[in-house]
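S.K.:
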Amino acid sequence: MAYQMEQELRHMKPSHLTKLSTIIDESKSWADLLNQLSSSDGFPSFCITLETTHLIKRQSSPTLALLNHWSITGRRRPTILNLIKLLRACHLKRAEDYIWDLLHQLPRERAIANIPELDNDQSSHHDTINIDFKFKNLDTVISSIPEQCNRYSFTSIYESTNRFCHKPFDFATNSGFKIGDGRFSSVFLARTYLEDNDNQAPKTQVVAAKLLKSECNINYLVNEIRLAKKISHENILELLGISIGHGEDDSPSYICLIYPYMKNGSLLDCLNFGLRCNNGQKISWQDRLNIAFKVAKGIAYLHGFHEGVIIHRDIKTANILIGNDLSPKLGDFTLVRQLDSLKQGGTQYSQNIIGTSVYMPPEAFRGDISTKFDIFSFGVVLLELLTGLKPFDDEMNEDLLTYISDKLSDIDDNPELIGSGVESTLASRDKFLMDILDKKAGEWDFARARVMFDLALRATEVRKKDRPDISYILTTIQQVHKNEFDGIDCNNPSEASFEQFESRELANA
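Quick note, the sequence shown lines up with residues 48 to 556 if you use my numbering.
1) Please classify Ile305: does DSSP put it in a helix, a strand, or coil?
2) So Leu314 and Pro215 are supposed to be a Cβ contact under 8 Å. How far apart are they, rounded?
3) Going straight from the alpha carbon of Asn461 to that of Asp513, what length do you get?
4) Take the Cβ of Thr239 as the centre, count every other Cβ of all protein chains shown within 10 Å, and call the residue buried at 16 or more, exposed below.
5) Where does Ala256 sit, in a helix, a strand or coil, going by DSSP?
6) With distance defined between alpha-carbon atoms, name the residue in Lys257, Leu521, Glu242 nearest to Lys341.
7) Residue range of the beta strand (DSSP E) that Phe235 falls in?
8) Buried or exposed for Thr403, please, with buried defined as at least 16 other CB atoms from any protein chain shown within 10 angstroms of its CB.
9) Considering only the beta carbon of each residue, do Ile451 and Leu484 sit closer than 8 Å?
10) By alpha-carbon positions, which one of Arg124, Pro125, Leu80, Phe500 ends up nearest to Met103?
11) Just the Cα atoms here: how many angstroms apart are Thr220 and Asp459?
12) With a 10 Å radius around its C-beta and 16 neighbouring C-beta atoms as the bar for buried, classify Met481 as buried or exposed.
13) Can you name, in chain order, every residue of its own chain whose Cβ lies under 7 Å from the Cβ of Lys454, other than the five neighbours on each side?
14) Could you tell me if Leu473 is buried or exposed, where buried requires 16 or more neighbouring beta carbons within 10 angstroms of its beta carbon?
15) Would Arg335 and Leu432 qualify as a contact pair, given that the criterion is a beta-carbon distance under 8 Å?
16) Are the CB atoms of Arg57 and Arg602 within a distance shorter than 8 Å?
17) May I ask you to report which of helix, strand or coil DSSP gives Ile362?
18) Quick one: Cα of Leu368 to Cα of Lys419, how far?
19) Can Phe235 and Thr202 be called in contact, C-beta distance under 8 Å?
20) Below 8 Å on the Cβ atoms is my guess for Ala343 versus Ile517; work out the distance and round it to an integer in Å.
21) Which whole-angstrom value is the C-beta distance of Tyr301 and Phe180, which I expect to be below 8 Å?
22) Distance check for Glu271 and Gln328, CA to CA, integer angstroms please.
23) Hey, would you say Asn530 sits closer than 8 Å to Arg495, going by beta carbons?
24) Using a Cβ-Cβ cutoff of less than 8 Å, which residues in the same chain neighbour His350 once the five nearest sequence positions on both sides are dropped?
25) Beta carbon of Thr507, beta carbon of Phe423: below 8 Å?
26) Please classify His293: does DSSP put it in a helix, a strand, or coil?
27) Note down, in chain order, each residue of its chain lying with its Cβ closer than 7 Å to the Cβ of Arg273, except the 5 sequence neighbours on either side.
28) Between the alpha carbons of Phe224 and Gln106, how many angstroms are there, rounded?
29) For Leu368, report the span of its beta strand (DSSP E) as first-last.
30) Give the single residue among Trp147, Thr100, Ser85 whose Cα lies nearest to the Cα of Phe63.
31) Pick out whichever of Ala112, Tyr519, Ile289, Asn337 has its Cα sitting closest to the Cα of Leu502.
32) Which first and last residues belong to the beta strand (DSSP E) in which Pro375 is found?
33) What is the C-beta distance between Leu377 and Gly345, in whole angstroms, given that I count them as a contact (C-beta under 8 Å)?
34) In this structure, how does DSSP classify Val356 when only helix, strand and coil are distinguished?
35) Within a Cβ cutoff of 8 Å, which residues of the same chain sit near Arg155, ignoring the five residues on either side of it in sequence?
36) Return helix, strand or coil for Gln385, following the three-state DSSP convention.
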(Lines of atoms letter the chains of each structure in order from A and count residues from 1; the text may use other names and numbers.)
(Lines give C-alpha, C1' and ligand atoms only; values in the text may rest on other atoms or scores of the structure.)
Protein backbone atom coordinates (compact mmCIF):
# COMPACT_ATOMS: atom_id res chain seq x y z
CA MET A 1 0.00 0.00 0.00
CA ALA A 2 1.20 3.54 -0.72
CA TYR A 3 1.02 6.16 2.00
CA GLN A 4 0.44 9.92 1.80
CA MET A 5 2.53 12.58 3.55
CA GLU A 6 -0.45 13.92 5.49
CA GLN A 7 -1.52 10.45 6.68
CA GLU A 8 -1.41 10.00 10.45
CA LEU A 9 1.41 7.87 11.79
CA ARG A 10 -0.99 5.71 13.82
CA HIS A 11 -2.51 4.44 10.57
CA MET A 12 0.69 2.88 9.23
CA LYS A 13 0.55 -0.89 8.87
CA PRO A 14 1.97 -2.65 11.98
CA SER A 15 4.38 -4.66 9.81
CA HIS A 16 5.83 -1.43 8.35
CA LEU A 17 6.23 0.17 11.77
CA THR A 18 7.89 -3.01 13.03
CA LYS A 19 10.36 -3.03 10.14
CA LEU A 20 11.15 0.67 10.67
CA SER A 21 11.65 0.06 14.40
CA THR A 22 14.00 -2.83 13.70
CA ILE A 23 16.15 -0.56 11.52
CA ILE A 24 16.33 2.06 14.28
CA ASP A 25 16.86 -0.47 17.08
CA GLU A 26 19.90 -1.85 15.25
CA SER A 27 21.66 1.48 15.78
CA LYS A 28 20.25 1.85 19.30
CA SER A 29 18.87 5.26 18.35
CA TRP A 30 15.48 5.22 20.06
CA ALA A 31 16.78 7.54 22.80
CA ASP A 32 17.78 10.06 20.10
CA LEU A 33 14.18 10.06 18.87
CA LEU A 34 12.89 10.59 22.40
CA ASN A 35 15.29 13.45 23.07
CA GLN A 36 14.42 15.14 19.78
CA LEU A 37 10.68 14.82 20.42
CA SER A 38 10.97 16.10 23.98
CA SER A 39 13.21 19.07 23.23
CA SER A 40 11.94 20.35 19.86
CA ASP A 41 9.02 22.59 19.02
CA GLY A 42 9.00 21.35 15.43
CA PHE A 43 6.75 18.36 16.13
CA PRO A 44 3.16 17.92 17.35
CA SER A 45 2.94 18.34 21.14
CA PHE A 46 4.60 15.47 22.90
CA CYS A 47 4.61 14.88 26.63
CA ILE A 48 5.91 11.75 28.31
CA THR A 49 6.26 10.84 31.95
CA LEU A 50 9.36 9.32 33.50
CA GLU A 51 7.32 6.19 34.31
CA THR A 52 6.30 5.77 30.65
CA THR A 53 9.91 6.33 29.55
CA HIS A 54 11.06 3.50 31.82
CA LEU A 55 8.27 1.29 30.48
CA ILE A 56 9.29 2.00 26.87
CA LYS A 57 12.93 1.29 27.68
CA ARG A 58 12.05 -2.19 28.93
CA GLN A 59 10.27 -3.22 25.70
CA SER A 60 11.84 -5.72 23.31
CA SER A 61 11.65 -2.88 20.75
CA PRO A 62 11.80 0.50 22.54
CA THR A 63 11.50 2.26 19.18
CA LEU A 64 8.21 0.53 18.35
CA ALA A 65 6.80 1.31 21.79
CA LEU A 66 7.89 4.95 21.46
CA LEU A 67 6.41 5.37 17.97
CA ASN A 68 3.13 3.76 19.05
CA HIS A 69 2.95 6.11 22.04
CA TRP A 70 3.79 9.18 19.97
CA SER A 71 1.28 8.24 17.27
CA ILE A 72 -1.69 8.59 19.65
CA THR A 73 -0.42 11.58 21.65
CA GLY A 74 -2.05 15.00 21.62
CA ARG A 75 -4.99 16.51 19.77
CA ARG A 76 -2.90 17.05 16.62
CA ARG A 77 -1.67 13.56 15.77
CA PRO A 78 1.77 13.19 14.12
CA THR A 79 1.81 12.46 10.39
CA ILE A 80 4.21 10.56 8.16
CA LEU A 81 5.71 13.92 7.18
CA ASN A 82 6.41 14.58 10.87
CA LEU A 83 8.06 11.16 11.07
CA ILE A 84 10.33 11.93 8.10
CA LYS A 85 11.35 15.25 9.68
CA LEU A 86 12.09 13.45 12.96
CA LEU A 87 14.23 10.80 11.28
CA ARG A 88 16.11 13.49 9.34
CA ALA A 89 16.69 15.53 12.52
CA CYS A 90 18.21 12.43 14.12
CA HIS A 91 20.33 11.68 11.01
CA LEU A 92 18.73 8.24 10.61
CA LYS A 93 19.27 8.04 6.86
CA ARG A 94 18.48 4.34 6.39
CA ALA A 95 15.24 4.62 8.34
CA GLU A 96 14.24 7.72 6.38
CA ASP A 97 14.97 5.96 3.09
CA TYR A 98 12.69 3.12 4.15
CA ILE A 99 9.80 5.57 4.63
CA TRP A 100 10.45 7.16 1.24
CA ASP A 101 10.35 3.68 -0.24
CA LEU A 102 6.92 3.08 1.30
CA LEU A 103 5.77 6.40 -0.13
CA HIS A 104 6.94 5.32 -3.59
CA GLN A 105 8.66 8.69 -3.88
CA LEU A 106 12.22 9.94 -3.99
CA PRO A 107 13.64 12.54 -1.62
CA ARG A 108 13.85 15.72 -3.62
CA GLU A 109 17.54 16.23 -2.93
CA ARG A 110 18.62 12.68 -3.74
CA ALA A 111 19.18 10.92 -7.02
CA ILE A 112 17.66 7.53 -7.75
CA ALA A 113 21.04 5.83 -7.54
CA ASN A 114 21.55 6.97 -3.96
CA ILE A 115 18.44 5.28 -2.60
CA PRO A 116 19.20 1.70 -1.56
CA GLU A 117 16.81 -1.09 -2.37
CA LEU A 118 15.14 -2.24 0.77
CA ASP A 119 13.73 -5.63 1.63
CA ASN A 120 9.94 -5.68 1.50
CA ASP A 121 8.08 -8.74 2.66
CA GLN A 122 5.17 -7.86 0.36
CA SER A 123 7.17 -7.46 -2.84
CA SER A 124 7.84 -11.05 -3.80
CA HIS A 125 6.85 -14.63 -3.04
CA HIS A 126 9.62 -16.63 -1.41
CA ASP A 127 9.78 -20.14 -2.80
CA THR A 128 11.55 -21.58 0.20
CA ILE A 129 11.57 -21.29 3.97
CA ASN A 130 13.02 -17.99 5.16
CA ILE A 131 15.61 -17.34 7.86
CA ASP A 132 12.96 -15.22 9.64
CA PHE A 133 11.24 -18.44 10.68
CA LYS A 134 14.31 -20.22 12.08
CA PHE A 135 14.58 -20.51 15.86
CA LYS A 136 17.56 -21.24 18.04
CA ASN A 137 17.35 -23.40 21.17
CA LEU A 138 13.91 -24.85 20.51
CA ASP A 139 14.73 -27.78 22.78
CA THR A 140 13.61 -25.75 25.80
CA VAL A 141 10.29 -25.06 24.14
CA ILE A 142 9.74 -28.68 23.14
CA SER A 143 10.39 -29.87 26.68
CA SER A 144 7.68 -27.48 27.91
CA ILE A 145 5.00 -28.73 25.51
CA PRO A 146 2.38 -30.98 27.15
CA GLU A 147 2.80 -34.66 26.25
CA GLN A 148 -0.83 -34.94 25.14
CA CYS A 149 -0.22 -32.40 22.38
CA ASN A 150 -0.48 -34.18 19.01
CA ARG A 151 2.58 -34.15 16.72
CA TYR A 152 2.13 -33.74 12.96
CA SER A 153 4.53 -34.50 10.12
CA PHE A 154 6.63 -31.45 9.25
CA THR A 155 7.88 -32.99 6.00
CA SER A 156 4.34 -33.33 4.63
CA ILE A 157 3.57 -29.71 5.56
CA TYR A 158 6.82 -28.49 4.00
CA GLU A 159 6.16 -30.32 0.75
CA SER A 160 2.43 -29.54 0.47
CA THR A 161 3.12 -25.80 0.87
CA ASN A 162 5.85 -25.87 -1.80
CA ARG A 163 8.45 -25.18 0.90
CA PHE A 164 6.25 -22.53 2.51
CA CYS A 165 5.75 -20.56 -0.68
CA HIS A 166 4.38 -17.10 0.13
CA LYS A 167 2.08 -16.98 -2.88
CA PRO A 168 -1.37 -16.06 -1.46
CA PHE A 169 -4.01 -18.78 -1.71
CA ASP A 170 -6.75 -18.00 -4.25
CA PHE A 171 -9.98 -19.78 -3.30
CA ALA A 172 -11.50 -19.25 -6.76
CA THR A 173 -8.66 -20.98 -8.61
CA ASN A 174 -7.62 -23.26 -5.75
CA SER A 175 -4.01 -22.14 -6.20
CA GLY A 176 -1.42 -20.63 -3.88
CA PHE A 177 -0.42 -21.48 -0.33
CA LYS A 178 -0.39 -18.62 2.19
CA ILE A 179 -3.74 -17.86 3.83
CA GLY A 180 -2.67 -15.40 6.51
CA ASP A 181 0.18 -13.27 7.75
CA GLY A 182 0.94 -11.51 11.01
CA ARG A 183 3.72 -10.04 13.08
CA PHE A 184 4.65 -13.33 14.73
CA SER A 185 3.61 -15.93 12.15
CA SER A 186 2.47 -16.79 8.64
CA VAL A 187 -0.36 -19.25 8.04
CA PHE A 188 -0.37 -21.76 5.19
CA LEU A 189 -2.93 -24.17 3.76
CA ALA A 190 -1.27 -27.56 4.20
CA ARG A 191 -1.82 -31.31 4.08
CA THR A 192 -0.36 -33.42 6.84
CA TYR A 193 -0.94 -36.39 9.11
CA LEU A 194 -0.44 -37.43 12.70
CA GLU A 195 2.90 -38.99 13.61
CA ASP A 196 2.98 -42.11 15.81
CA ASN A 197 -0.67 -42.87 15.12
CA ASP A 198 -0.66 -46.30 16.80
CA ASN A 199 0.93 -47.91 13.72
CA GLN A 200 -2.14 -47.12 11.64
CA ALA A 201 -1.87 -45.95 8.05
CA PRO A 202 -1.38 -42.15 7.97
CA LYS A 203 -4.63 -40.27 7.39
CA THR A 204 -3.92 -37.04 5.55
CA GLN A 205 -5.99 -34.00 6.49
CA VAL A 206 -6.18 -30.41 5.27
CA VAL A 207 -5.12 -27.98 8.00
CA ALA A 208 -4.02 -24.42 8.63
CA ALA A 209 -0.33 -24.54 9.56
CA LYS A 210 0.78 -21.50 11.56
CA LEU A 211 4.54 -21.17 10.97
CA LEU A 212 6.00 -19.05 13.74
CA LYS A 213 8.55 -16.36 13.01
CA SER A 214 11.77 -16.23 14.98
CA GLU A 215 10.84 -12.82 16.44
CA CYS A 216 7.94 -14.51 18.27
CA ASN A 217 8.75 -14.49 21.97
CA ILE A 218 9.33 -18.08 23.11
CA ASN A 219 7.22 -17.40 26.19
CA TYR A 220 4.26 -16.43 23.97
CA LEU A 221 4.68 -19.70 22.08
CA VAL A 222 4.73 -21.90 25.16
CA ASN A 223 1.86 -19.90 26.66
CA GLU A 224 -0.29 -20.32 23.54
CA ILE A 225 0.26 -24.09 23.42
CA ARG A 226 -0.37 -24.68 27.12
CA LEU A 227 -3.52 -22.58 27.25
CA ALA A 228 -4.88 -23.93 23.97
CA LYS A 229 -4.72 -27.47 25.36
CA LYS A 230 -6.63 -26.42 28.48
CA ILE A 231 -9.55 -24.59 26.92
CA SER A 232 -12.44 -26.15 25.04
CA HIS A 233 -15.39 -24.22 23.70
CA GLU A 234 -17.47 -24.40 20.53
CA ASN A 235 -16.56 -20.81 19.67
CA ILE A 236 -12.84 -21.10 20.36
CA LEU A 237 -10.56 -22.40 17.59
CA GLU A 238 -9.10 -25.75 18.62
CA LEU A 239 -5.35 -26.38 18.55
CA LEU A 240 -4.97 -29.76 16.83
CA GLY A 241 -1.28 -30.12 17.60
CA ILE A 242 2.21 -29.00 16.66
CA SER A 243 4.84 -29.82 14.05
CA ILE A 244 8.60 -29.49 14.52
CA GLY A 245 11.05 -28.97 11.63
CA HIS A 246 14.79 -29.62 11.85
CA GLY A 247 17.66 -27.55 10.52
CA GLU A 248 20.81 -28.64 8.70
CA ASP A 249 22.48 -29.76 11.94
CA ASP A 250 19.41 -31.88 12.74
CA SER A 251 18.46 -29.63 15.63
CA PRO A 252 14.82 -28.49 15.97
CA SER A 253 14.63 -25.10 14.25
CA TYR A 254 11.08 -24.55 12.92
CA ILE A 255 7.73 -24.90 14.63
CA CYS A 256 4.15 -24.92 13.33
CA LEU A 257 0.93 -24.81 15.31
CA ILE A 258 -1.72 -26.89 13.56
CA TYR A 259 -5.32 -25.63 13.48
CA PRO A 260 -8.46 -26.68 11.57
CA TYR A 261 -8.78 -25.06 8.16
CA MET A 262 -11.86 -22.81 8.04
CA LYS A 263 -12.89 -22.53 4.39
CA ASN A 264 -14.81 -19.28 4.75
CA GLY A 265 -11.72 -17.59 6.15
CA SER A 266 -11.86 -14.76 8.64
CA LEU A 267 -14.83 -12.60 9.51
CA LEU A 268 -12.88 -9.68 8.01
CA ASP A 269 -12.71 -11.54 4.69
CA CYS A 270 -16.39 -12.49 4.82
CA LEU A 271 -17.49 -8.90 5.45
CA ASN A 272 -15.31 -7.60 2.62
CA PHE A 273 -15.70 -10.33 0.01
CA GLY A 274 -18.66 -12.50 1.06
CA LEU A 275 -18.80 -16.17 1.97
CA ARG A 276 -16.40 -18.33 -0.02
CA CYS A 277 -18.50 -21.45 0.45
CA ASN A 278 -21.66 -19.67 -0.73
CA ASN A 279 -20.39 -18.11 -3.98
CA GLY A 280 -19.61 -14.79 -2.34
CA GLN A 281 -23.01 -14.42 -0.66
CA LYS A 282 -23.05 -11.56 1.86
CA ILE A 283 -23.74 -12.18 5.54
CA SER A 284 -27.29 -11.19 6.48
CA TRP A 285 -27.91 -8.95 9.47
CA GLN A 286 -29.59 -11.87 11.29
CA ASP A 287 -26.47 -13.99 10.82
CA ARG A 288 -24.32 -11.08 11.99
CA LEU A 289 -26.28 -10.92 15.24
CA ASN A 290 -25.77 -14.65 15.65
CA ILE A 291 -22.03 -14.33 15.00
CA ALA A 292 -21.78 -11.50 17.54
CA PHE A 293 -23.64 -13.57 20.11
CA LYS A 294 -21.43 -16.63 19.66
CA VAL A 295 -18.19 -14.65 19.73
CA ALA A 296 -19.40 -13.03 22.95
CA LYS A 297 -20.03 -16.53 24.34
CA GLY A 298 -16.43 -17.43 23.55
CA ILE A 299 -15.15 -14.29 25.28
CA ALA A 300 -17.38 -15.01 28.29
CA TYR A 301 -15.86 -18.49 28.49
CA LEU A 302 -12.35 -17.01 28.57
CA HIS A 303 -13.19 -14.31 31.11
CA GLY A 304 -14.92 -16.83 33.35
CA PHE A 305 -12.35 -19.64 32.96
CA HIS A 306 -12.24 -21.73 36.12
CA GLU A 307 -8.43 -21.71 36.45
CA GLY A 308 -8.16 -17.92 36.16
CA VAL A 309 -9.37 -15.12 33.91
CA ILE A 310 -8.04 -15.39 30.34
CA ILE A 311 -7.62 -12.14 28.41
CA HIS A 312 -7.22 -12.59 24.66
CA ARG A 313 -5.68 -9.15 23.88
CA ASP A 314 -6.06 -9.47 20.10
CA ILE A 315 -9.78 -9.78 19.37
CA LYS A 316 -10.45 -8.55 15.84
CA THR A 317 -12.38 -9.66 12.78
CA ALA A 318 -9.15 -11.05 11.25
CA ASN A 319 -8.88 -13.44 14.23
CA ILE A 320 -12.48 -14.67 14.08
CA LEU A 321 -12.75 -17.63 11.71
CA ILE A 322 -16.06 -18.57 10.09
CA GLY A 323 -17.11 -22.18 9.53
CA ASN A 324 -19.29 -23.60 6.75
CA ASP A 325 -22.34 -23.23 9.02
CA LEU A 326 -21.41 -19.61 9.79
CA SER A 327 -20.39 -20.60 13.30
CA PRO A 328 -17.54 -18.30 14.43
CA LYS A 329 -14.41 -19.43 16.25
CA LEU A 330 -12.08 -17.03 18.02
CA GLY A 331 -8.46 -17.83 17.18
CA ASP A 332 -4.84 -16.62 17.51
CA PHE A 333 -3.89 -16.90 21.17
CA THR A 334 -0.35 -15.60 20.70
CA LEU A 335 -0.89 -12.60 23.00
CA VAL A 336 -3.27 -14.23 25.48
CA ARG A 337 -2.68 -13.56 29.17
CA GLN A 338 -4.00 -15.74 31.98
CA LEU A 339 -4.35 -13.97 35.30
CA ASP A 340 -4.64 -16.62 37.99
CA SER A 341 -5.56 -14.33 40.85
CA LEU A 342 -7.61 -11.80 38.87
CA LYS A 343 -11.36 -11.43 38.97
CA GLN A 344 -13.22 -9.97 36.00
CA GLY A 345 -13.00 -6.42 37.30
CA GLY A 346 -9.32 -6.54 38.29
CA THR A 347 -6.20 -5.21 36.58
CA GLN A 348 -2.61 -6.25 36.04
CA TYR A 349 0.20 -4.47 34.24
CA SER A 350 2.47 -5.63 31.44
CA GLN A 351 5.80 -4.29 30.25
CA ASN A 352 5.00 -5.48 26.71
CA ILE A 353 2.74 -3.13 24.73
CA ILE A 354 1.55 -5.30 21.84
CA GLY A 355 -1.62 -5.86 19.87
CA THR A 356 -3.43 -4.34 16.88
CA SER A 357 -3.63 -0.59 17.45
CA VAL A 358 -7.12 0.10 16.02
CA TYR A 359 -8.58 -2.49 18.40
CA MET A 360 -6.55 -1.46 21.47
CA PRO A 361 -8.08 0.65 24.25
CA PRO A 362 -6.24 3.77 25.45
CA GLU A 363 -5.05 2.15 28.68
CA ALA A 364 -3.30 -0.63 26.74
CA PHE A 365 -0.52 1.80 25.83
CA ARG A 366 0.19 2.16 29.55
CA GLY A 367 0.54 -1.59 29.95
CA ASP A 368 -2.86 -1.84 31.70
CA ILE A 369 -4.43 -5.29 31.17
CA SER A 370 -7.94 -6.23 32.24
CA THR A 371 -11.02 -7.88 30.78
CA LYS A 372 -12.09 -4.41 29.62
CA PHE A 373 -9.27 -4.64 27.03
CA ASP A 374 -11.20 -7.40 25.24
CA ILE A 375 -14.49 -5.53 25.68
CA PHE A 376 -13.09 -2.53 23.79
CA SER A 377 -11.78 -4.74 20.97
CA PHE A 378 -15.11 -6.54 20.70
CA GLY A 379 -16.88 -3.18 20.50
CA VAL A 380 -14.90 -2.38 17.35
CA VAL A 381 -15.87 -5.81 15.96
CA LEU A 382 -19.55 -4.96 16.58
CA LEU A 383 -19.13 -1.72 14.63
CA GLU A 384 -17.66 -3.67 11.72
CA LEU A 385 -20.59 -6.11 11.78
CA LEU A 386 -23.08 -3.25 11.74
CA THR A 387 -21.45 -1.07 9.09
CA GLY A 388 -19.43 -3.50 6.95
CA LEU A 389 -16.67 -0.87 7.00
CA LYS A 390 -13.02 -1.84 7.43
CA PRO A 391 -11.33 -1.21 10.80
CA PHE A 392 -9.04 1.16 8.93
CA ASP A 393 -9.84 2.67 5.55
CA ASP A 394 -6.98 3.93 3.39
CA GLU A 395 -9.26 6.28 1.46
CA MET A 396 -10.81 7.85 4.57
CA ASN A 397 -7.34 7.89 6.16
CA GLU A 398 -8.75 7.07 9.59
CA ASP A 399 -9.93 4.10 11.62
CA LEU A 400 -13.58 3.12 11.96
CA LEU A 401 -14.02 4.09 15.61
CA THR A 402 -12.47 7.54 15.09
CA TYR A 403 -14.67 8.12 12.04
CA ILE A 404 -17.85 7.24 13.93
CA SER A 405 -16.85 9.11 17.10
CA ASP A 406 -16.02 12.27 15.15
CA LYS A 407 -19.32 12.13 13.24
CA LEU A 408 -21.32 11.67 16.44
CA SER A 409 -19.46 14.56 18.07
CA ASP A 410 -20.35 16.76 15.10
CA ILE A 411 -23.99 15.70 15.40
CA ASP A 412 -24.09 16.40 19.15
CA ASP A 413 -22.63 19.85 18.55
CA ASN A 414 -24.59 20.60 15.35
CA PRO A 415 -27.60 18.28 14.91
CA GLU A 416 -28.79 20.26 11.89
CA LEU A 417 -25.75 19.06 9.90
CA ILE A 418 -27.40 15.71 9.20
CA GLY A 419 -30.13 16.33 6.68
CA SER A 420 -32.48 19.25 6.32
CA GLY A 421 -35.31 19.66 8.78
CA VAL A 422 -33.83 17.33 11.37
CA GLU A 423 -33.98 19.11 14.70
CA SER A 424 -33.26 16.70 17.52
CA THR A 425 -29.87 15.21 18.23
CA LEU A 426 -31.45 11.79 18.71
CA ALA A 427 -33.09 11.90 15.29
CA SER A 428 -29.80 13.03 13.76
CA ARG A 429 -27.94 10.13 15.34
CA ASP A 430 -30.60 7.72 14.07
CA LYS A 431 -30.27 9.07 10.55
CA PHE A 432 -26.49 8.74 10.72
CA LEU A 433 -26.86 5.12 11.85
CA MET A 434 -29.30 4.38 9.02
CA ASP A 435 -26.80 5.80 6.56
CA ILE A 436 -23.85 3.71 7.75
CA LEU A 437 -25.64 0.38 8.29
CA ASP A 438 -24.30 -2.15 5.79
CA LYS A 439 -26.92 -2.41 3.04
CA LYS A 440 -25.34 -5.68 1.85
CA ALA A 441 -26.74 -7.31 5.01
CA GLY A 442 -30.34 -6.81 3.87
CA GLU A 443 -33.04 -4.60 5.35
CA TRP A 444 -32.09 -4.17 8.99
CA ASP A 445 -34.54 -4.22 11.87
CA PHE A 446 -33.61 -0.68 12.89
CA ALA A 447 -34.67 -0.99 16.53
CA ARG A 448 -32.31 -3.94 16.98
CA ALA A 449 -29.53 -2.21 15.06
CA ARG A 450 -29.83 0.84 17.31
CA VAL A 451 -29.43 -1.24 20.47
CA MET A 452 -26.40 -3.00 19.00
CA PHE A 453 -24.90 0.33 17.94
CA ASP A 454 -25.35 1.82 21.40
CA LEU A 455 -23.82 -1.34 22.89
CA ALA A 456 -20.79 -1.04 20.60
CA LEU A 457 -20.31 2.60 21.58
CA ARG A 458 -20.46 1.78 25.27
CA ALA A 459 -18.01 -1.09 24.81
CA THR A 460 -15.53 1.36 23.26
CA GLU A 461 -15.77 4.06 25.92
CA VAL A 462 -12.43 5.77 26.61
CA ARG A 463 -12.60 5.09 30.36
CA LYS A 464 -12.57 1.37 31.00
CA LYS A 465 -14.83 1.68 34.04
CA ASP A 466 -17.56 2.96 31.70
CA ARG A 467 -17.49 -0.22 29.60
CA PRO A 468 -19.85 -3.08 30.52
CA ASP A 469 -18.54 -6.53 31.31
CA ILE A 470 -19.09 -9.49 29.01
CA SER A 471 -22.08 -10.85 30.93
CA TYR A 472 -24.09 -7.69 30.21
CA ILE A 473 -23.00 -7.67 26.57
CA LEU A 474 -23.92 -11.34 26.18
CA THR A 475 -27.35 -10.93 27.72
CA THR A 476 -28.06 -7.80 25.67
CA ILE A 477 -27.14 -9.46 22.37
CA GLN A 478 -29.25 -12.49 23.24
CA GLN A 479 -32.26 -10.27 23.95
CA VAL A 480 -31.70 -8.38 20.68
CA HIS A 481 -31.39 -11.66 18.81
CA LYS A 482 -34.69 -12.86 20.26
CA ASN A 483 -36.31 -9.44 19.83
CA GLU A 484 -36.87 -9.24 23.59
CA PHE A 485 -34.98 -6.03 24.34
CA ASP A 486 -37.66 -3.64 25.55
CA GLY A 487 -36.28 -1.54 28.37
CA ILE A 488 -32.58 -2.08 27.60
CA ASP A 489 -30.61 1.09 28.24
CA CYS A 490 -27.06 0.63 26.99
CA ASN A 491 -26.06 4.01 28.38
CA ASN A 492 -27.13 3.20 31.92
CA PRO A 493 -27.46 -0.57 32.32
CA SER A 494 -28.02 -2.49 35.46
CA GLU A 495 -25.42 -5.18 34.97
CA ALA A 496 -27.08 -8.44 34.02
CA SER A 497 -26.30 -11.63 35.88
CA PHE A 498 -24.27 -14.13 33.90
CA GLU A 499 -25.67 -16.91 36.08
CA GLN A 500 -29.20 -15.86 35.02
CA PHE A 501 -28.12 -15.98 31.40
CA GLU A 502 -26.70 -19.50 31.83
CA SER A 503 -29.89 -20.73 33.50
CA ARG A 504 -31.97 -19.39 30.61
CA GLU A 505 -29.63 -21.09 28.14
CA LEU A 506 -30.07 -24.44 29.90
CA ALA A 507 -33.83 -24.01 30.08
CA ASN A 508 -34.00 -23.33 26.35
CA ALA A 509 -31.61 -26.13 25.35
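Beta carbons: idealized from backbone N, C-alpha and C, even for Gly.
M.R.: Let me lay it out:
1) Three-state DSSP puts Ile305 in a strand.
2) About 18 Å separates the CB atoms of Leu314 and Pro215; that is not less than 8 Å, and the two are not in contact.
3) Taking the straight line joining both Cα atoms gives about 25 Å.
4) Classification for Thr239: buried.
5) Strand at Ala256.
6) Per the Cα distances, Leu521.
7) Boundaries of the beta strand (DSSP E) around Phe235: 232-239.
8) Thr403 comes out buried.
9) It is not a contact, given that the beta carbons lie outside the stated cut-off.
10) For clarity, residue 103 is Ile in the given sequence; the question names Met instead. For the residues Arg124, Pro125, Leu80, Phe500, the minimum Cα distance to Ile103 belongs to Leu80.
11) The straight-line gap from Cα to Cα measures roughly 49 Å.
12) Exposed: under 16 other Cβ atoms inside 10 Å.
13) Contacts found: Phe479.
14) Burial call: exposed.
15) In this structure, the beta-carbon distance from Arg335 to Leu432 falls below 8 Å.
16) A question about residue 602 goes unanswered here, because the residues of the chain that appear run from 48 up to 556.
17) Looking at Ile362 - three-state DSSP - the assignment turns out to be coil, as it is neither helix nor strand.
18) About 22 Å.
19) No, Cβ-Cβ distance for Phe235 and Thr202 is not below 8 Å.
20) About 6 Å separates the CB atoms of Ala343 and Ile517; that is less than 8 Å, so the two are in contact.
21) In this structure Tyr301 touches Phe180 by the C-beta definition: roughly 6 Å separates them, less than 8 Å.
22) Rounded to whole angstroms, Gln328 to Glu271 spans 34 Å at the Cα level.
23) For Asn530 and Arg495, yes; Cβs fall inside 8 Å.
24) Excluding positions up to five away in sequence, the list reads Val356, Ile357, Ile358, Gln391, Thr418, Asp421, Asp516, Ile517.
25) Yes, they are a contact pair.
26) Residue state for His293 is assigned as strand, using DSSP reduced to three classes.
27) Same-chain partners within the cutoff: Pro193.
28) Rounded to whole angstroms, the separation of the alpha carbons of Gln106 and Phe224 is 34 Å.
29) Note, Leu368: beta strand (DSSP E), 367-369.
30) In the sequence as presented, Phe is not what sits at residue 63; that position holds His. Cα-wise, what sits closest to His63 is Trp147.
31) Of Ala112, Tyr519, Ile289, Asn337, the residue nearest in Cα terms is Tyr519.
32) Per DSSP, Pro375 belongs to the beta strand (DSSP E) from 375-377.
33) About 5 Å; that satisfies the 8 Å criterion.
34) Three-state DSSP puts Val356 in a strand.
35) Low per-residue confidence applies at Arg155: pLDDT is 40, beneath 50, and the placement is therefore not dependable enough to give any value.
36) For Gln385, the secondary structure class from DSSP, reduced to helix, strand or coil, is strand.
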